[in-house]
Structure formats: structure tokens, C-alpha cells
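All remarks here apply to the structure that follows.
Residue numbers (the working numbering): 2 to 216.
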């Protein structure tokens, strides 16, 4: 773990962000390099400062937290991603881990937990809010369960999977199907959940391997 942990914080709720900053800045050995309320600025700040850890809200204007995390992965940056969210759902939890998150903290308990989470992620470990430990067990159990099948997908999910096989980005898929990028990402998360796909490139690899079966 570095002597001083450099941090970027992105959350569109200004009051919550100020509270988070107060907690973090009072802690020795952690320096906030930049903070913002939208995803595009968050990515720009991560690229500029290359922080040890980026704390991201899942829902943000411009780019959401998942899009920022994927952009960090695509650039092979060393920044550890921590997601903050008020949504305690297994689908969102799995989507966050699939997007490369090293930390996942519920906003209800974020302020007491966030310092432990930041230090753990900076040291190369994973930190999950204790309330979500059951999801992690379920995720591990499903990873050795039955093989995925295309029959579980809806028509919309199959259409999106076909476009993924054609190397379309979420933004391109949204434009083609006249839906929001957030809707595309929710479909992607649901597809991964149904097909038991884990890892940053698993969805694309599966889509390409099964392209001939997608119509």
C-alpha cells in the first residue's frame, strides 16, 4: 500500500459528497486529488491524476459509474474502483464486480466503512459491505453451476447480445435501438446474470462464440 493514498471522488449528490470529503480528508495518509459530480469529469480526473483509488457513484449524469470503470479497465489503469450505491440488489452487485470493481459499499453505511474500503483497495484487496456477503457466496456458487444457455434470454437481450458480437459499444447499441445507454447497461448486466458470465471480457467472448446462434 502506498504511503499516501491518492483519491478521486465522484458522486452527483453534493451533500453526500461533502460529507464523504470531510470524513476522508480527516484521515491521515489519504489525499483527495479531485472530486466531481459527473462521470465524464471523473474519467478525465482519473486520467489526469492516476489516483490509487477512485470512489464512484453508480448513477451519475454523462457517464455512469459502470461506464467510467470500463473505460479505466480498457486503458489498463492501476486505479482501484470503489462503487457507492443506495441500491442493494444482487444484479447491481454482480455488474459492479464484472465492471472491475474492487470495492462495493452501500451508501447507508458508507461513511463508517469507506476508510476501511479505501485502504483495503489501495493495498490490492477487495472490500464488500458486510450486508452483501451473501451475494458474494451466491456468485461463487453459481460460477461452478450449470452451463449458460441462450434460451434464458429475452428477445431484447438476444438482440443486444448480437450487437455486442458485432463489437458495438453501449452508446452505439443505444442509438441503434433508440434506448438509453443506462438501459443497455442494465440489459448487459441481466445477460451476464442469466448466462453466469464473469470477468470484464466474458460477455463479449460469449457473444462472439455464439454469434451464429443469435439470428
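A virtual CB, placed ideally from N, CA and C, is assigned to each residue, including glycine.
**Prompt:** Residues in its own chain within less than 8 Å of residue 28 by CB, not counting five upstream and five downstream?
**Reply:** These residues qualify, in order along the chain: 116.
**Asked** Any idea if residue 202 is buried or exposed, counting beta-carbon neighbours within 10 angstroms, 16 or more meaning buried?
**Response** With fewer than 16 other Cβ atoms from the protein chains shown falling within 10 Å of its own Cβ, residue 202 counts as exposed.
**Request:** Check the C-beta distance from residue 205 over to residue 165 and give it rounded, since I have them as a contact under 8 Å.
**Result:** Rounded, the Cβ-Cβ distance is 6 Å, consistent with contact.
**Asked** Taking the DSSP output, what are the residues bridged to residue 35?
**Response** According to DSSP, which records beta bridges pairwise, residue 35 is partnered with 9.
**Request:** Whole angstroms is fine: what's the gap from residue 76's alpha carbon to residue 151's?
**Result:** Linking residue 76 to residue 151 through their CA atoms gives a straight-line distance of about 31 Å.
**Item:** residue 59 in three-state terms, based on DSSP
**Value:** It is coil, neither helix nor strand.
**Item:** Beta-bridge pairing of residue 54 - partner residues as DSSP gives them
**Value:** Looking at the DSSP output, residue 54 shares a beta bridge with 8, 81.
**Prompt:** DSSP puts residue 105 in a beta bridge; with which residues?
**Reply:** Beta-bridge pairing links residue 105 to 84, 129.
**Asked** So residue 85 and residue 12 are in contact, right, with Cβ under 8 Å, and what is the actual spacing, rounded?
**Response** Confirmed, Cβ separation roughly 6 Å.
**Item:** Beta-carbon contacts of residue 194 that lie in its chain and below 7 Å, excluding the five residues immediately before and after
**Value:** Taken in chain order, the residues that qualify are 92, 95.
**Request:** Report the residue from 74, 88, 89, 10 whose alpha carbon sits nearest the alpha carbon of residue 54.
**Result:** Ranking the options by Cα distance to residue 54, first place goes to 10.
**Asked** So, is residue 52 buried or exposed, given that buried needs 16 or more other C-beta atoms within 10 angstroms?
**Response** Counting C-beta atoms within 10 angstroms of its own C-beta, residue 52 has 16 or more neighbours from the protein chains shown and is therefore classed as buried.
**Buried versus exposed, by CB contacts within 10 Å (16 or more), residue 190** = Buried, since its Cβ has 16 or more Cβ neighbours within 10 Å.
**Prompt:** Candidates 208, 68, 47: which alpha carbon is nearest residue 186's?
**Reply:** Distances from the CA of residue 186 to each of 208, 68, 47 were compared; the closest alpha carbon is that of 68.
**Request:** Measure the alpha-carbon distance for residue 178 versus residue 156 and round it to whole angstroms.
**Result:** In this structure, the alpha-carbon of residue 178 lies about 13 Å from that of residue 156.
**Prompt:** Taking Cβ to Cβ, would you say residue 47 is nearer than 8 Å to residue 80?
**Reply:** Yes, they are a contact pair.
**Asked** Leaving out the 5 sequence neighbours to the left and right, which residues in its chain are closer than 8 Å to residue 15 when beta-carbon positions are compared?
**Response** Excluding residues within five positions, the ones whose Cβ falls inside 8 Å are 38.
**Message:** Looking at residue 25: is its Cβ nearer than 8 Å to the Cβ of residue 33?
**Reply:** Their beta carbons are under 8 Å apart, which means residue 25 touches residue 33 by this criterion.
**Asked** How many Å lie between residue 50 and residue 56 at the Cα?
**Response** One alpha carbon belongs to residue 50, the other to residue 56, and they sit about 14 Å apart.
**Message:** Alpha carbons only, please: which of 123, 112, 82, 120 is nearest the one belonging to residue 105?
**Reply:** Selected option, being the one with the closest Cα: 82.
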